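Participant: 145 is the number that our numbering gives to position 145 of the sequence shown; each next residue is one higher, with no gaps.
Idealized CB from N, CA, C, for every residue including glycine.
Nothing here was measured: the structure is a model prediction, and the numbers come from that model.
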Amino acid sequence: MFDKILVAIDPNEFNAALMDQAIALAIATGAQLKLIAVLTEYGEGAPPMFVYPGLAGYPPTMEDTLWSDYRQRYETYTNKSLNTLRQLKQRAQAAGVSTDVTQLLDSPGRAICDEAKQWKADLVMVGSRGRRGLSEIFLGSVSNYVMHHASCSVIVVHDQDSGEEIIKPIEKTKHATA
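(1) So that I know if they touch, is there some Cβ in chain C lying closer than 8 Å to that of Lys117?
(2) Give me the Cβ distance between Leu123 and Ile27, rounded to the nearest whole Å; I'm assuming they're in contact under 8 Å.
(3) If we ignore side chains and look at the alpha-carbon of each, how far apart do Ile23 and Ser81 end up?
(4) Have a look at Val156 and Gln90 and give me their C-alpha separation to the nearest angstrom.
(5) Assuming contact is defined by CB atoms lying nearer than 8 Å, are Thr99 and Glu115 in contact in what I supplied?
(6) Rounded to the nearest angstrom, what separates Phe14 and Ser143 at their Cα positions?
(7) Under a Cβ-count criterion, where at least 16 other Cβ atoms within 10 Å of its own Cβ denotes burial, should Gly30 be classed as buried or exposed?
(8) Under 6 Å Cβ to Cβ from Ala150, same chain only, skipping five residues before and after it: list those, please.
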């Protein structure tokens with residue numbers, strides 16, 4: 001059924017429900033996982049660039065200090081995401097699932113779709129923040145983009161407070177005959 005499942009990890013979100021579902025599905029189908037995190041320069045959690053309106057340039061010593069500080073904060077940002085990926089990889093591997101990780105700097109929706117196509121994924125799993133209405137229009141929805149542009153099937157996992165599993169283990173049921 002599924003041999004390769006690409007799981008899009010949001011490094012700024014708690015990914016427990018998404019990982020629970022991905023691991024359960026990978027175990028049930030014998031699939032391997034590939035976890036992908038896509039960072040953006042201006043996305044949530046990224047360190048802001050220094051911009052001072054009306055200033056055509058910075059004094060040379062100030063510019064070096066600003067860039068050095070920015071590079072350090074950006075490195076912290078990327079390392080935090082990479083650590084999240086590594087922890088999730090260890091969790092999947094502890095459950096017996098073959099797992100790889102990839103981190104990219106790009107537009108999230110497009111990068112996820114491109115990686116799914118290049119890796120020849122059978123399924124993409126993404127989480128949803130539950131944006132609706134104007135916030136989705138103005139801020140966008142990665143899961144919506146992926147659903148409409150991926151070259152394979154897509155499952156959107158909503159974080160449920162109830163802790164109830166979305167994908168239930170397949171159980172043998174007895175059918176009553178009339």
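Facilitator: This is what the structure holds:
(1) Going by chain labels, chain C is absent from the structure shown, which holds only one protein chain.
(2) Walking along the sequence shown from the start, residue 123 turns up at place 123. Walking along the sequence shown from the start, residue 27 turns up at place 27. About 14 Å; that fails the 8 Å criterion.
(3) The sequence position of residue 23 within the sequence shown is 23, counting from 1. The sequence position of residue 81 within the sequence shown is 81, counting from 1. Using only the alpha carbons, I get a separation of about 20 Å.
(4) Sequence index remark: in the sequence shown, residue 156 carries index 156 (1-based). Sequence index remark: in the sequence shown, residue 90 carries index 90 (1-based). Between Val156 and Gln90, the C-alpha separation is close to 23 Å.
(5) On the sequence shown, residue 99 is found 99 positions in, with the first residue counted as 1. On the sequence shown, residue 115 is found 115 positions in, with the first residue counted as 1. Cβ distance not < 8 Å, so Thr99 and Glu115 don't count as in contact.
(6) Indexing the sequence shown from 1 puts residue 14 at position 14. Indexing the sequence shown from 1 puts residue 143 at position 143. Distance between the alpha carbons of Phe14 and Ser143 is about 16 Å.
(7) Here residue 30 refers to the residue found at position 30 when the sequence shown is read from its first residue. Per the 10 Å Cβ criterion, exposed.
(8) Mapped onto the sequence shown, residue 150 falls at position 150. If we look at Ala150 and ignore the five residues flanking it on each side, its Cβ neighbours are Cys113, Ala116 and Val124.
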